[in-house]
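If you're matching positions, the sequence shown starts at 1 in full-length UniProt numbering and goes up one per residue.
Here the structure is laid out as structure tokens; the discussion comes afterwards.
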Amino acid sequence: MLKFAANVMTLFTDRPVPDRIAAAAEAGFDAVEIPFPYDAPAVDLRNTLGFTGLPVTLIAAPPPNYTGGMAGFAAVPNGQMRFQHDFRRALRYANALKAQHVHVMSGSAFGEAARATMIENLTWACDFAPRQSLTIEPMNDADLPGYFMNDFSLAADVIKAVGRKNLGLQFDTYHAHMITGDVAGTWDRYGHLASHVQIASAPDQAEPDGGEIDFYGFFSQLAKGGYAGWVGADYRPSGKTIDGLGWLARLKGDDGAFKKQA
Numbered sequence: 001m002l003k004f005a006a007n008v009m010t011l012f013t014d015r016p017v018p019d020r021i022a023a024a025a026e027a028g029f030d031a032v033e034i035p036f037p038y039d040a041p042a043v044d045l046r047n048t049l050g051f052t053g054l055p056v057t058l059i060a061a062p063p064p065n066y067t068g069g070m071a072g073f074a075a076v077p078n079g080q081m082r083f084q085h086d087f088r089r090a091l092r093y094a095n096a097l098k099a100q101h102v103h104v105m106s107g108s109a110f111g112e113a114a115r116a117t118m119i120e121n122l123t124w125a126c127d128f129a130p131r132q133s134l135t136i137e138p139m140n141d142a143d144l145p146g147y148f149m150n151d152f153s154l155a156a157d158v159i160k161a162v163g164r165k166n167l168g169l170q171f172d173t174y175h176a177h178m179i180t181g182d183v184a185g186t187w188d189r190y191g192h193l194a195s196h197v198q199i200a201s202a203p204d205q206a207e208p209d210g211g212e213i214d215f216y217g218f219f220s221q222l223a224k225g226g227y228a229g230w231v232g233a234d235y236r237p238s239g240k241t242i243d244g245l246g247w248l249a250r251l252k253g254d255d256g257a258f259k260k261q262a
């Protein structure tokens with residue numbers, strides 16, 4: 001049976017982050033993603049997590065860029081010292097929250113220098129925190145123009161070049177569809193590299209039960225292939241979060257199978 005985590009940066013956003021964790025537990029999620037936990041004291045988050053019993057599957061690094069630039073700078077040349085400083089801060093949060101994965105964001109950069117910089121930074125990060133799982137995620141150009149990590153073949157190339165067991169692919173169905181138009185085929189090609197999956201419909205990035213992606217087929221593909229990691233609900237609700245969780249109820253039914261809507 002697949003395991004689902006609520007991204008509390010996009011779900012239950014009508015309440016403070018600690019309360020979103022409790023809401024996720026009440027809604028039937030088995031874990032939470034907290035990509036940017038840095039505005040809340042780690043002790044407050046840890047207390048809520050302890051009360052609910054939910055684990056944290058993922059946070060993002062580095063902390064948000066409040067200067068208005070693109071999130072992340074792992075691929076930005078000449079920023080290695082800054083990357084290391086902010087990665088250490090992210091790692092402190094990851095340790096405090098016992099986060100399974102840290103998503104390392106590339107930022108805006110281009111060309112071979114950016115590739116070399118990202119490989120250097122990721123190699124350092126993997127070696128600095130060998131027990132911490134790190135991920136990189138291809139994100140589409142339409143939403144993030146100029147973002148370096150914008151293609152699955154590039155992600156596979158970087159993962160191979162780094163060559164560390166604690167670096168894996170973060171596979172998002174929305175971005176996979178927007179980049180390739182073929183979620184199932186992209187998973188067939190790159191799914192073996194994935195250590196974390198996120199879901200949202202396309203092209204609207206809403207609940208995973210409509211749009212142009214065959215979620216019945218994708219969930220079956222994950223289950224049949226033996227995917228054992230978490231599946232993060234990283235979407236923008238079309239209304240109130242709780243009103244759009246029919247997909248989760250179907251998946252957590254008696255037989256745990258995703259059922260096509262009539």
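Cβ coordinates follow ideal geometry from the N, Cα and C atoms, glycine included.
Since the structure is predicted, the reported quantities are computational estimates derived from the model, not experimental observations.
- Ranked by Cα distance from E112, the options V76, A99, N140, L49 are led by V76.
- DSSP places G246 inside the alpha helix (DSSP H), whose first and last residues are 246-251.
- For Y216, the closest C-alpha among the options H177, V104, M118, L251 is that of L251.
- Taken through DSSP and simplified to helix, strand or coil, A25 comes out as helix.
- The beta carbons of G168 and T135 sit closer together than 8 Å.
- Cβ-Cβ separation between L11 and H196: approximately 17 Å, too far for a contact (criterion under 8 Å).
- Only buried fits A23, as 16 or more other CB atoms lie within 10 angstroms of its CB.
- Beta-bridge partners of F4 (DSSP): V231.
- As summarised for the region 127-210, the continuous beta strand (DSSP E) elements at least 3 residues long and confined to that stretch are 133-136, 167-172, 194-199, given in chain order.
- Looking at the backbone, the Cα of F171 and that of H192 are separated by about 11 Å.
- Contact between N150 and M178 fails: their C-beta atoms lie close to 10 Å from each other, not under 8 Å.
- By the 16-neighbour rule on beta-carbons within 10 angstroms, S153 is exposed.
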